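S.K.: Protein sequences appear in the order of chains A and E. The first sequence begins at 0 in numbering that gives the first Met the number 0 and counts up one residue at a time. The second sequence begins at 0 in numbering that gives the first Met the number 0 and counts up one residue at a time.
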Amino acid sequence: MVFSSLTFLLFFLPALLLCYFLVPARCRGVRNCVLLLFSLFFYRCGGADYLPLLLASIGINYLGGLLAAPGHPLWVRRLGLWGAVAGGLGLLGWFKYAGFLASNLNALGLPVPVPRIVLPIGISFFTFQGLSYVIDVYRGDADCQRNPLYVALYVALFPQLVAGPIVRYTTVEEEISRRRESLEEFSQGVVRFCFGLGKKMLLANAMGEVADGVFSQPAASLATLTAWVGAAAYTLQIYFDFSAYSDMAIGLGRMFGFHFLENFDYPYIAASVKEFWRRWHISLSTWFRDYVYIPLGGSRCSRGRNLLNLLAVWLLTGLWHGANWTFVLWGLWFYVLLTGERYVWGGALDKLPCVVKHLYTLLAVMVSWVLFRAPDLGYAAGYLKAMRGGGVGLPVRQGVYYLLEFWPEWLLGVLAVFPWKHWAARWLDARQGRGAALVRSWGPVFLALGLLALSYVKLVSGSFNPFIYFQF
Amino acid sequence: MSRNAQRLVTAAFLLFLGLALAATLLREEETYSFFENRTLAPKPVYSAQADGDGSYFSGWERYLSDHAAGRKTLLRLKTRLDLALGRPVVNDVVVTEEALLPYLPERPVDRAAVSRQAGAMADRLAEIQAAVEGYGGYYCYVGVPCQYACREEDYPWYLNNRADLSAWSVQELSRAAAERGVNFLDMGPVFRAQPDPDRLTSAVDNHYSIQGAYLTYRTILERIHAQTELEVPVLGEEDVTISQVPNRYLGSRTRKLLAQEWREDALYRLDPAEAVPFTRYNYGKETYSSLYALPEHPWEDVTYNLYMGGDLAETLIDTGREELPSVLVYGDSFTNALECVMYLSFDKMYSLDLRHYKDMPLEDYIAGTRPQVVVCIRDYESLLDLEANGGG
Numbered sequence: 000m001v002f003s004s005l006t007f008l009l010f011f012l013p014a015l016l017l018c019y020f021l022v023p024a025r026c027r028g029v030r031n032c033v034l035l036l037f038s039l040f041f042y043r044c045g046g047a048d049y050l051p052l053l054l055a056s057i058g059i060n061y062l063g064g065l066l067a068a069p070g071h072p073l074w075v076r077r078l079g080l081w082g083a084v085a086g087g088l089g090l091l092g093w094f095k096y097a098g099f100l101a102s103n104l105n106a107l108g109l110p111v112p113v114p115r116i117v118l119p120i121g122i123s124f125f126t127f128q129g130l131s132y133v134i135d136v137y138r139g140d141a142d143c144q145r146n147p148l149y150v151a152l153y154v155a156l157f158p159q160l161v162a163g164p165i166v167r168y169t170t171v172e173e174e175i176s177r178r179r180e181s182l183e184e185f186s187q188g189v190v191r192f193c194f195g196l197g198k199k200m201l202l203a204n205a206m207g208e209v210a211d212g213v214f215s216q217p218a219a220s221l222a223t224l225t226a227w228v229g230a231a232a233y234t235l236q237i238y239f240d241f242s243a244y245s246d247m248a249i250g251l252g253r254m255f256g257f258h259f260l261e262n263f264d265y266p267y268i269a270a271s272v273k274e275f276w277r278r279w280h281i282s283l284s285t286w287f288r289d290y291v292y293i294p295l296g297g298s299r300c301s302r303g304r305n306l307l308n309l310l311a312v313w314l315l316t317g318l319w320h321g322a323n324w325t326f327v328l329w330g331l332w333f334y335v336l337l338t339g340e341r342y343v344w345g346g347a348l349d350k351l352p353c354v355v356k357h358l359y360t361l362l363a364v365m366v367s368w369v370l371f372r373a374p375d376l377g378y379a380a381g382y383l384k385a386m387r388g389g390g391v392g393l394p395v396r397q398g399v400y401y402l403l404e405f406w407p408e409w410l411l412g413v414l415a416v417f418p419w420k421h422w423a424a425r426w427l428d429a430r431q432g433r434g435a436a437l438v439r440s441w442g443p444v445f446l447a448l449g450l451l452a453l454s455y456v457k458l459v460s461g462s463f464n465p466f467i468y469f470q471f
Numbered sequence: 000m001s002r003n004a005q006r007l008v009t010a011a012f013l014l015f016l017g018l019a020l021a022a023t024l025l026r027e028e029e030t031y032s033f034f035e036n037r038t039l040a041p042k043p044v045y046s047a048q049a050d051g052d053g054s055y056f057s058g059w060e061r062y063l064s065d066h067a068a069g070r071k072t073l074l075r076l077k078t079r080l081d082l083a084l085g086r087p088v089v090n091d092v093v094v095t096e097e098a099l100l101p102y103l104p105e106r107p108v109d110r111a112a113v114s115r116q117a118g119a120m121a122d123r124l125a126e127i128q129a130a131v132e133g134y135g136g137y138y139c140y141v142g143v144p145c146q147y148a149c150r151e152e153d154y155p156w157y158l159n160n161r162a163d164l165s166a167w168s169v170q171e172l173s174r175a176a177a178e179r180g181v182n183f184l185d186m187g188p189v190f191r192a193q194p195d196p197d198r199l200t201s202a203v204d205n206h207y208s209i210q211g212a213y214l215t216y217r218t219i220l221e222r223i224h225a226q227t228e229l230e231v232p233v234l235g236e237e238d239v240t241i242s243q244v245p246n247r248y249l250g251s252r253t254r255k256l257l258a259q260e261w262r263e264d265a266l267y268r269l270d271p272a273e274a275v276p277f278t279r280y281n282y283g284k285e286t287y288s289s290l291y292a293l294p295e296h297p298w299e300d301v302t303y304n305l306y307m308g309g310d311l312a313e314t315l316i317d318t319g320r321e322e323l324p325s326v327l328v329y330g331d332s333f334t335n336a337l338e339c340v341m342y343l344s345f346d347k348m349y350s351l352d353l354r355h356y357k358d359m360p361l362e363d364y365i366a367g368t369r370p371q372v373v374v375c376i377r378d379y380e381s382l383l384d385l386e387a388n389g390g391g
């Protein structure tokens with residue numbers, strides 16, 4: 000089930016709101032049980048076969064947390080920690096990487112049967128989330144949660160269960176047992192949810208149609224303009240798609256009194272790749288920073304060691320996104336850019352005009368999305384060749400068609416990557432009149448309701464509605 | 000947000016969810032969408048396997064998308080909005096000043112694959128022709144340009160009109176047919192040679208007009224005369240009357256646009272100056288003696304189903320003129336308009352649509368009825384398609 004679906008909007012959400020808010024606020028435990036049951040049902044809708052996997056992951060993290068908590072002998076705590084790490088990564092490894100590994104061994108001449116495994120929805124997200132809990136408990140950064148239902152609620156909480164953001168236990172630790180739902184929180188959640196829904200239905204899906212249309216063709220047959228149009232469309236699609244999901248997750252969390260951290264901060268206005276990664280998928284990059292990069296030594300070590308640490312992080316980041324060499328190359332691409340900015344051209348980049356810095360970043364990111372979207376390395380190479388004018392090339396007309404057909408979405412999409420919300424708020428704050436106050440108060444409300452209405456129109460009339468980050 | 004704004008957005012959101020839910024639950028169940036020309040998704044059937052792999056709940060999503068509250072109105076609204084925004088393609092229809100045309104996604108033409116397909120098609124046609132000629136009959140495979148092929152110039156320059164694919168398909172089939180001695184008649188050059196080719200096709204539908212069907216009829220009969228000694232009367236323009244039906248023409252493209260955009264076009268019927276009485280049998284059963292399925296009221300829209308009442312598995316028109324030869328016309332829906340003319344020159348006219356007729360293979364049907372003339376009508380889009388009316 001996805002948030003931008005009628006089953007969610009018309010049945011799941013109303014039923015949950017009704018059941019949840021019928022329970023008095025003082026019965027926090029009952030409300031949590033309602034939320035947990037609905038969350039498990041939400042996951043089950045994607046396939047009942049995978050529910051045991053989620054429950055197993057919850058069990059592993061609960062037991063791991065109990066054992067890893069301070070107060071036990073060190074060996075028990077380590078057993079708890081490494082047991083949870085091995086269990087969580089073992090499940091992830093089997094379901095996500097076993098087929099990839101076997102195919103590569105076969106390619107190397109080692110005949111190994113390739114298991115046919117369907118990737119369970121959201122496994123990368125809930126595995127990382129569960130691990131962060133056990134590691135934080137082991138480190139003493141979080142208290143051990145002795146109530147298994149609350150660990151289950153933390154791991155399985157439906158807004159962030161299948162496509163993030165990766166919520167740290169410390170972020171919601173207090174709120175699981177002591178949170179306050181209110182009209183203010185609920186209404187802010189509604190507004191945020193509607194903005195996310197609109198972003199997904201009106202922009203991401205349209206750009207997805209363009210990207211799918213272009214990337215479904217042989218790379219060698221693409222004209223330069225069409226290849227660029229496809230890359231630009233995918234660049235917008237992946238941002239609006241994923242950030243929309245995060246918006247909806249944050250909004251839904253807010254409706255039930257949870258405060259998830261922001262996952263995106265206008266990444267396409269970054270002036271360097273380093274800055275881009277401070278703004279893109281923040282919950283993942285901080286997860287790797289805190290649980291992989293810093294434990295490996297981070298940057299407080301020799302240059303050689305630092306390069307190795309970064310290499311490990313970016314290889315893992317690439318592989319986290321998918322079991323395919325294109326994702327490995329995607330990770331390596333960012334490794335090269337980030338180490339380059341740190342050790343080679345960072346100083347020169349700082350001195351360049353702002354426009355050039357933005358263009359450099361955008362170009363680097365667009366190339367990365369081509370690697371990300373391509374089904375294999377050969378296609379990626381062919382596509383990049385087409386982008387630099389090396390394709391045999393269908394007539395440019397296809398690119399022109401995509402520009403003309405989706406002109407409103409291109410226009411809105413390009414505008415929407417800029418932080419208009421902040422600019423408008425600053426502009427309104429500088430004005431004292433009644434008009435400014437009205438716009439500040441009512442503007443988001445009407446905009447959100449308008450987006451909800453338009454999204455419903457799109458939901459009912461269109462069938463093109465995939466979520467990219469479900470595959471991770 | 001002020002307190003009032005918080006109240007409003009919360010109330011509006013909850014009201015929206017509640018109303019949409021109630022309206023969806025109370026909505027009258029429909030199984031078919033006329034404007035989309037498709038069956039709506041049914042309620043999913045529960046099975047442990049479907050539940051396990053998630054297809055049960057995705058089935059519910061498909062069902063709800065098709066049965067959501069206000070769907071028809073919202074589809075119209077979206078279509079209106081897209082038209083107002085000036086999108087060149089709306090609901091897969093290319094909207095031009097002159098016509099409403101099909102959107103043809105850009106694909107490189109695989110010439111070798113087309114050539115292979117043309118060879119395979121010609122092989123199959125040679126088999127059918129041999130079966131017909133085996134008892135002394137005459138066979139002709141007729142290619143008719145469909146709307147996009149007739150109106151290649153109407154497409155904006157940045158949209159694919161399949162001109163390359165159409166030309167290559169016809170050329171390769173002509174070559175392969177000639178090599179195998181298959182009697183192939185391409186109506187493309189005949190249409191293009193007319194002084195006003197636009198009137199032969201529709202501005203709003205994939206099919207040709209009755210004028211196009213009549214021209215095809217005459218060309219086929221001229222070829223029969225040129226290649227055989229069969230005595231088949233040809234009705235000239237003075238022998239027929241072509242008159243416009245009063246109902247508004249809802250072409251397949253207009254229909255895809257949910258009747259939100261129209262182009263000037265009409266449907267016509269062709270009647271002989273001297274009536275030819277006949278008995279009609281649909282699937283072996285005597286039925287109403289009419290060729291034109293006009294709506295009950297003049298204010299109702301009429302579709303291409305006017306001709307012969309649409310696609311039927313098997314039809315027989317028996318004029319009881321035993322001195323004339325019999326004919327079998329088979330093919331896709333392009334046969335329908337042609338049949339309204341063709342029967343006038345034959346004793347019996349059998350009509351088959353192998354997409355729907357499953358009783359026996361084509362060759363068995365031909366052997367059973369032994370018509371002196373067998374004609375297959377395919378449009379350019381399905382010219383090389385071996386499925387169903389391609390002979391299977």
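For glycine and all other residues, C-beta sits at the position ideal for the given N, C-alpha and C. Note that the structure is a prediction, hence the values are computed from the model and not measured.
1. Given that TRP59 of chain E touches chain A, what residues does it touch there, using C-beta distances under 8 Å?
2. MET120 of chain E and LEU172 of chain E look like a contact to me (Cβ under 8 Å); what is the Cβ gap, rounded to whole Å?
3. Might you give, ordered along the chain, the residues of its own chain that have their beta carbon closer than 6 Å to the beta carbon of LEU254 of chain A, omitting 5 neighbours on each side?
4. In angstroms, rounded to a whole number, what distance separates the CA positions of ASP246 of chain A and PRO164 of chain A?
5. ARG252 of chain E: which of E:PRO245, E:ARG262 and E:ARG222 sits nearest, CA to CA?
6. Are GLU313 of chain E and TYR356 of chain E closer than 8 Å when you measure CB to CB?
7. Can you give me the C-alpha to C-alpha distance between ILE116 of chain A and GLY98 of chain A, rounded to a whole angstrom?
8. Can you list the residues of chain E that ALA447 of chain A reaches, using a CB-CB cut of under 8 Å?
9. Which residues of chain E have a Cβ atom closer than 8 Å to the Cβ of GLU404 of chain A, listed in chain order?
10. Determine, using beta carbons only, whether GLN128 of chain A and VAL166 of chain A come nearer to each other than 8 Å.
11. Using the three-state DSSP reduction, which class does ARG161 of chain E fall into: helix, strand or coil?
12. Determine, for ASP48 of chain A, whether the minimum Cβ-Cβ distance to residues of chain E falls below 8 Å.
13. For a contact meaning CB atoms closer than 8 Å, what does PRO416 of chain E contact in chain A?
14. Three Cβ pairs or more, each shorter than 8 Å: is that satisfied between the region 366 to 384 of chain E and the region 115 to 133 of chain E?
15. For GLN236 of chain A, does the count of other Cβ atoms within 10 angstroms reach 16, so buried, or fall short, so exposed?
16. Three or more beta-carbon pairs under 8 Å between the region 270 to 281 of chain E and the region 233 to 241 of chain E, yes or no?
17. Does the pairing of the region 131 to 146 of chain A with the region 98 to 110 of chain A give three or more beta-carbon distances under 8 Å?
18. Does the distance from the C-beta atom of LEU90 of chain A to that of SER56 of chain A stay below 8 Å?
19. Could you list which residues in chain A have their beta carbon closer than 9 Å to that of LEU100 of chain E, in chain order?
20. Less than 8 Å separating the beta-carbons of ASP363 of chain E and LEU311 of chain E?
21. Going straight from the alpha carbon of VAL335 of chain A to that of MET365 of chain A, what length do you get?
22. Could you round the C-beta distance between TYR292 of chain A and ASN308 of chain A to whole angstroms and report it? I think they count as a contact, below 8 Å.
23. Select from A:ALA218, A:PRO72, A:ALA162 and A:SER367 the residue whose C-alpha is nearest the C-alpha of GLY388 of chain A.
24. Hey, quick one: how far does the alpha helix (DSSP H) through MET386 of chain A stretch, first residue to last?
25. Which partner residues of GLY142 of chain E appear in the DSSP bridge assignment?
26. Closest Cβ-Cβ distance between MET348 of chain E and chain A: below 8 Å?
27. From the DSSP output, in three-state form, read off GLY136 of chain E for me.
28. Helix, strand or coil: which one does DSSP assign to GLY321 of chain A?
29. Can you tell which of E:ALA19, E:GLY142, E:GLY309 and E:LEU73 has the C-alpha that lies nearest to the C-alpha of GLY187 of chain E?
30. For GLN5 of chain E, return the contacting residues in chain A, with the cut-off set at a CB-CB distance below 7 Å.
31. Among the residues of its own chain, which have a CB less than 8 Å from the CB of ALA62 of chain A, if the five just before and after it don't count?
32. Return no unless some Cβ of chain A is closer than 8 Å to the Cβ of PHE12 of chain E.
33. Does DSSP put THR278 of chain E in a helix, in a strand, or in coil?
34. Using 8 Å as the threshold, is the region 226 to 240 of chain A in touch with the region 200 to 213 of chain A, meaning 3 or more CB pairs across them?
35. Can you find at least 3 beta carbon pairs, one from the region 340 to 358 of chain A and one from the region 265 to 272 of chain A, that sit closer than 8 Å?
36. Using a Cβ-Cβ cut-off of 7 Å (strictly less than) and excluding sequence neighbours within five positions of PHE463 of chain A, which residues of its own chain qualify?
M.R.: According to the data block:
1. In the second sequence, residue 59 of chain E corresponds to position 60, counting from 1. Near TRP59 of chain E (Cβ distances below 8 Å), the residues of chain A are THR6.
2. Along the second sequence, read from residue 1 onward, the residue named residue 120 of chain E stands at position 121. Along the second sequence, read from residue 1 onward, the residue named residue 172 of chain E stands at position 173. Rounded, the Cβ-Cβ distance is 6 Å, consistent with contact.
3. Start at 1 with the first residue of the first sequence, and residue 254 of chain A comes out as number 255. Just to set this straight, residue 254 of chain A is Met in the shown sequence, not Leu. Within the same chain, MET254 of chain A has close Cβ partners PHE185 and GLY188.
4. Here residue 246 of chain A is taken as the residue at index 247 of the first sequence, counted from 1. Here residue 164 of chain A is taken as the residue at index 165 of the first sequence, counted from 1. ASP246 of chain A and PRO164 of chain A: Cα-Cα distance of roughly 9 Å.
5. Taking the second sequence and counting its residues from 1, one reaches residue 252 of chain E at position 253. The shortest Cα separation from ARG252 of chain E among E:PRO245, E:ARG262 and E:ARG222 belongs to E:ARG262.
6. Reading the second sequence from its first residue, position 314 is the one you call residue 313 of chain E. Reading the second sequence from its first residue, position 357 is the one you call residue 356 of chain E. Yes, these two residues count as a Cβ contact at 8 Å.
7. Locating residue 116 of chain A in the first sequence gives position 117, counting from the first residue. Locating residue 98 of chain A in the first sequence gives position 99, counting from the first residue. The straight-line gap from Cα to Cα measures roughly 7 Å.
8. For the purposes of this step, residue 447 of chain A is identified with residue 448 of the first sequence, where counting begins at 1. Chain E residues near ALA447 of chain A: VAL8.
9. Your numbering for residue 404 of chain A matches position 405 in the first sequence. Result: ARG86, PRO87 and VAL88.
10. The residue you call residue 128 of chain A lines up with position 129 of the first sequence. The residue you call residue 166 of chain A lines up with position 167 of the first sequence. The answer is yes: Cβ separation under 8 Å.
11. As a position in the second sequence, residue 161 of chain E is number 162, starting the count at 1. Coil, per DSSP.
12. For the purposes of this step, residue 48 of chain A is identified with residue 49 of the first sequence, where counting begins at 1. True, the Cβ-Cβ gap to chain E drops below 8 Å.
13. This structure cannot settle anything about residue 416 of chain E, because the visible part of chain E is limited to 0 through 391.
14. yes
15. For the purposes of this step, residue 236 of chain A is taken as residue 237 along the first sequence, with counting starting at 1. The residue is buried, with at least 16 neighbouring Cβ atoms inside 10 Å.
16. yes
17. no
18. As a working mapping, residue 90 of chain A is identified with position 91 in the first sequence. As a working mapping, residue 56 of chain A is identified with position 57 in the first sequence. Yes. Within cutoff.
19. Numbered from its first residue, the second sequence carries residue 100 of chain E at position 101. None at all; the shortest Cβ gap to chain A is about 14 Å.
20. Taking the first residue of the second sequence as 1, we reach residue 363 of chain E at position 364. Taking the first residue of the second sequence as 1, we reach residue 311 of chain E at position 312. The answer is no: Cβ separation not under 8 Å.
21. The count along the first sequence starts at 1 and reaches residue 335 of chain A at position 336. The count along the first sequence starts at 1 and reaches residue 365 of chain A at position 366. If you take the alpha carbons of VAL335 of chain A and MET365 of chain A, they lie about 15 Å apart.
22. The count along the first sequence starts at 1 and reaches residue 292 of chain A at position 293. The count along the first sequence starts at 1 and reaches residue 308 of chain A at position 309. With 8 Å as the limit, TYR292 of chain A and ASN308 of chain A qualify as a contact, their Cβ atoms being about 6 Å apart.
23. Taking the first sequence and counting its residues from 1, the one referred to as residue 388 of chain A is at position 389. When each option's Cα is compared against that of GLY388 of chain A, the closest is A:ALA218.
24. In the first sequence, counting from the first residue as 1, residue 386 of chain A sits at position 387. Here the alpha helix (DSSP H) through MET386 of chain A covers 376 to 386.
25. Position 143 of the second sequence, counted from the start, is the residue given in the question as residue 142 of chain E. For GLY142 of chain E, which the question treats as bridged, DSSP gives the partners E:ASP185 and E:ARG377.
26. The count along the second sequence starts at 1 and reaches residue 348 of chain E at position 349. Chain A contact via Cβ: absent.
27. Walking along the second sequence from the start, residue 136 of chain E turns up at place 137. Of the three classes helix, strand and coil, the one that applies to GLY136 of chain E here is coil, per DSSP.
28. Position 322 of the first sequence, counted from the first residue, corresponds to residue 321 of chain A. Correct three-state label for GLY321 of chain A: coil.
29. By 1-based counting over the second sequence, the position of residue 187 of chain E is 188. It is E:GLY142.
30. Start at 1 with the first residue of the second sequence, and residue 5 of chain E comes out as number 6. Residues of chain A passing the Cβ test: LEU182, GLU183 and SER186.
31. Counted from its first residue, the first sequence places residue 62 of chain A at position 63. Checking the displayed sequence, the identity of residue 62 of chain A turns out to be Leu instead of Ala. The residues are GLY79, GLY82 and ALA83.
32. If you number the second sequence from 1, residue 12 of chain E lands on position 13. Taking Cβ atoms only, chain A reaches closer than 8 Å to PHE12 of chain E, which makes this a yes.
33. Your numbering for residue 278 of chain E matches position 279 in the second sequence. Reduced to three states, the DSSP call for THR278 of chain E is strand.
34. yes
35. yes
36. Along the first sequence, one-based indexing puts residue 463 of chain A at 464. Note that PHE463 of chain A scores a pLDDT of 46, beneath 50, so its modelled location is shaky; the value from the coordinates is reported in the next line. So the qualifying residues of the chain are ASN204, GLY207 and GLU208.
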